[in-house]
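First up is the structure itself, then whatever we jot down about it.
In this note's numbering, the protein residues as written are -1 to 396.
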């Protein structure tokens, strides 16, 4: 096959969501490959929480699906055809290369794109999202034609599964970047609420930035045990679910949780106290409140998890202690760093003085073939499988 092969009138089989929990395996015509695109045979797609939300509710928050939608955006595959001008976007890109897809494609013309913040481009199209119409279809299909500019070659150390995990890792890297260059306190420590996949990857990205000690908080002791066992966390704390009768009672409960976290000790026996940087990855209102109380004066709470649209927060606590509340949205220019961190993680090579946890352990369940996409989505909804095994990340391999 020529490096400039243009394939037309070919088909791609994929799973398309027509309503909540209603998937159909369909074969659809592929358009002629554009000159700046590459055709990618998808090999691995890891399931994201947004995929699960679309699958379960046929929407993601306020974003409603308006046509049959192919899910999946954490993906890697192999180049099978290259458009005539694609090598100008990615010099050296050729048929046979293994690549990860950066599934958000911005306009590249607006002020945000020109300033490097293309992740907040108002015209950005994102695969598997219902935000734009017609929808930009996802990667739970055999082939995808994607702009060459937004694919990234994988080094030999990273397999397709690791390539798929680059997308959520990029989210974590962007969060660490947004936390600021003074991320590391004198203790070189941070706090992470939520020990799901994004929380684990935020912890890993923080370690790659030089953070030595990390405390992770979750309601699920199994997740916390996983984080501790695999080196994502130094200390863990299991939150005991509790609700008050009034707003004031709930804030008091959140404050007490933060106090209990601060009374824990690091492995060397020093009390944790308050930390300069807290990554809120759960989206739970009580955890966001506790994040503010647990953060040191002058520090920052970085919002990573997507929760309910409106929260009640102790604003006076933010104001009098000058705590920054930092929002994050996806990522921009994070894939090169993600590849570097993933390679160090998989090969167990130190990066910036730290040996990172092996991210491959995060993939706990594999499903082979498009016929098992629904099984993969159902598994991703769970915390444990039927045998009691912890579910961290599921992958669909093709």
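Backbone N, C-alpha and C define an ideal beta-carbon position, used for all residues, glycine too.
Outcome for residue i when other beta-carbon atoms lying within 10 angstroms are tallied against a minimum of 16
i           : result
residue 135 : buried
residue 211 : buried
residue 62  : exposed
residue 391 : buried
residue 117 : buried
residue 313 : exposed
residue 334 : exposed
residue 285 : buried
residue 350 : exposed
residue 307 : exposed
residue 25  : exposed
residue 137 : buried
residue 7   : Its pLDDT being 44, under 50, residue 7 is placed unreliably in this model, and the coordinates cannot settle the point.
residue 353 : exposed
residue 348 : exposed
residue 241 : exposed
residue 122 : buried
9 Å Cβ cutoff met for residue i and residue j
i           : j           : result
residue 174 : residue 189 : no
residue 141 : residue 37  : yes
residue 209 : residue 302 : no
residue 235 : residue 222 : yes
residue 97  : residue 150 : yes
residue 193 : residue 225 : yes
residue 342 : residue 290 : no
residue 128 : residue 57  : yes
residue 108 : residue 119 : yes
residue 165 : residue 279 : no
residue 42  : residue 75  : yes
residue 77  : residue 39  : yes
residue 363 : residue 383 : yes
residue 115 : residue 330 : yes
residue 87  : residue 145 : yes
residue 340 : residue 158 : no
residue 70  : residue 126 : yes
residue 197 : residue 388 : no
residue 73  : residue 195 : no
residue 357 : residue 167 : yes
residue 91  : residue 371 : no
residue 207 : residue 277 : no
residue 273 : residue 294 : yes
residue 270 : residue 233 : yes
Length of the line joining the Cα atoms of residue i and residue j
i           : j           : result
residue 89  : residue 321 : 44 Å
residue 85  : residue 265 : 51 Å
residue 310 : residue 52  : 26 Å
residue 297 : residue 385 : 42 Å
residue 130 : residue 59  : 14 Å
residue 2   : residue 94  : Any reading at residue 2 must be qualified, since the residue scores a pLDDT of 45, below 50, and its modelled position is unreliable; the value itself is stated next. Approximately 12 Å, taken between the alpha carbons.
residue 238 : residue 33  : 56 Å
residue 338 : residue 243 : 48 Å
residue 267 : residue 346 : 27 Å
residue 215 : residue 251 : 15 Å
residue 262 : residue 325 : 28 Å
residue 366 : residue 380 : 19 Å
residue 378 : residue 19  : 13 Å
residue 228 : residue 66  : 39 Å
residue 79  : residue 139 : 16 Å
residue 253 : residue 292 : 8 Å
residue 344 : residue 155 : 7 Å
residue 205 : residue 172 : 14 Å
residue 203 : residue 393 : 21 Å
residue 217 : residue 373 : 25 Å
residue 106 : residue 287 : 37 Å
residue 27  : residue 148 : 22 Å
Start and end residues, alpha helix (DSSP H) containing residue i
i           : result
residue 51  : 47 to 55
residue 216 : Per DSSP, residue 216 belongs to no alpha helix (DSSP H); it is in the beta strand (DSSP E), 211 to 216.
residue 63  : Neither: residue 63 is in no alpha helix (DSSP H) and is coded neither H nor E.
residue 201 : 195 to 206
residue 222 : 219 to 227
residue 27  : Element bounds for residue 27: not the alpha helix (DSSP H) but the beta strand (DSSP E), 20 to 28.
residue 231 : Neither: residue 231 is in no alpha helix (DSSP H) and is coded neither H nor E.
residue 268 : That residue, residue 268, is in no alpha helix (DSSP H); it is neither H nor E in DSSP.
residue 84  : 84 to 87
Extent of the continuous beta strand (DSSP E) run through residue i
i           : result
residue 276 : 273 to 278
residue 41  : 35 to 44
residue 10  : 8 to 17
residue 72  : 72 to 80
residue 187 : 187 to 191
Beta carbon proximity, residue i to chain C, threshold 9 Å
i           : result
residue 297 : In the displayed structure, chain C is absent; only one protein chain is listed.
Give the list of continuous beta strand (DSSP E) stretches no shorter than 3 residues that lie fully inside the region 100 to 168. Uninterrupted beta strand (DSSP E) stretches at least 3 residues long and entirely within the region 100 to 168 occur at 141 to 145 and 149 to 151, given in chain order.
Contained alpha helix (DSSP H) runs [length at least 4] in the region 291 to 361, N- to C-terminal order | Runs of the alpha helix (DSSP H) inside the region 291 to 361: 313 to 318 and 333 to 345.
Run through the region 367 to 395 for me and flag every whole alpha helix (DSSP H) of 4 or more residues, listed as ranges in chain order. The qualifying runs are 371 to 378.
Alpha helix (DSSP H) segments (min. 4 residues) lying fully within the region 239 to 266: Entirely contained in the region 239 to 266, the alpha helix (DSSP H) runs reaching 4 residues are, in chain order, 245 to 261.
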